[in-house]
Amino acid sequence: MTAVRSLIAIATGVLLAITAVSPADAVDDGRVDVAPEVAQMLEEVPGGVLIDGHHAVWPALHMELVVPTGSPRSFSASSVGPCPSGGVCLFAGYSLGGTMLAFSTCGIHSVPSSFSARSLAHARSSGYTQARNGTTVLATAYVGGWANIYGTTTNLRCVL
C-alpha cells in the first residue's frame, strides 16, 4: 500500500513540475493590445505614433485618436466634455460619446474614411467648427458647444 502511495506522490509531483508556470513565463513580453479603431486609423493615415493601446497621435496633422477605456475621463473647466481646451473634436457616438478624433489647430481637416463622426465639439475661445461633407455643412458647434451630426463627415472646418 505504501508503494502505491509513493508512486501516486511521485506521479503527482512530476505532473505539477511539468505544468507549473515559471516566473519568466509571467513576464510581460512588451506587446500592447491595440484597439481595432486605433489599428485601423494607424493603417489608413501615415505618420501616426502609438501612445498606448487606446491612444495614437499624428504630430504633423495635429491630430489624435482616443478610444475610451471605461475609466472615467477628466475634464477641465474650458473643455467641452472630453474635447480638450483649444481643440476641435469629432466623436464616433452621439452627444460626445465613444471614440474621439481631436485636432489641436484650426483650419480644414480631412476626416479619415475609417472614422464615422456622430457629434462634434468646439473647445476654442472663439469661432466655430463645422462638420462637412465636401462643402455641405452637416452640423456647427460654437464656442464651448457641441452638436450631433447626421450624415457622412468628410472634413472638419474650424473658423476663428
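Count the sequence shown with mature numbering (1 follows the signal peptide of the UniProt record, and there is no 0) and you get residues -26 to -1, 1 to 134, in order. All C-beta atoms, glycine included, are put in the ideal place defined by N, C-alpha and C.
*Residues in its own chain within less than 7 Å of residue 111 by CB, not counting five upstream and five downstream?*
Stepping through the sequence shown from its first residue, residue 111 is reached at position 137. Answer for residue 111: 104, listed in chain order.
*In this structure, does DSSP put residue 123 in helix, strand or coil?*
The count along the sequence shown starts at 1 and reaches residue 123 at position 149. Residue 123 falls in the coil class under three-state DSSP.
*With DSSP as the reference, label residue 112 as helix, strand or coil.*
As a working note, residue 112 is residue 138 in the sequence shown. Strand.
*Extent of the continuous beta strand (DSSP E) to which residue 76 belongs*: By 1-based counting over the sequence shown, the position of residue 76 is 102. Taken as a continuous stretch (DSSP letters only), the beta strand (DSSP E) holding residue 76 covers 71 to 77.
*Run the CB neighbour count on residue 135, radius 10 Å, all protein chains shown included, and call it buried at 16 or more, exposed below.*
The chain is shown from -26 up to 134; residue 135 falls before or after that span and cannot be answered.
*Could you please give the first and the last residue of the uninterrupted alpha helix (DSSP H) stretch that includes residue 12?*
Translated into positions along the sequence shown, residue 12 becomes position 38. Its alpha helix (DSSP H) spans residues 10 to 18.
*DSSP state of residue 134 mapped onto helix, strand, coil*: Working through the sequence shown from its first residue, we reach residue 134 at position 160. Reduced to three states, the DSSP call for residue 134 is coil.
*Measure the CB-CB distance between residue 61 and residue 97 and report whether it falls below 7 Å.*
Position 87 of the sequence shown, counting from 1, holds the residue named residue 61. Position 123 of the sequence shown, counting from 1, holds the residue named residue 97. Contact flag set, yes.
*Would you kindly work out how many angstroms separate the C-alpha atoms of residue 81 and residue 125, rounded to a whole number?*
One-based indexing of the sequence shown puts residue 81 at position 107. One-based indexing of the sequence shown puts residue 125 at position 151. Cα to Cα, residue 81 sits roughly 21 Å from residue 125.
*Could you check the C-alpha separation between residue 32 and residue 88 for me, to the nearest Å?*
Counting from 1 along the sequence shown, the entry for residue 32 is found at position 58. Counting from 1 along the sequence shown, the entry for residue 88 is found at position 114. C-alpha separation (whole angstroms): 15 Å.
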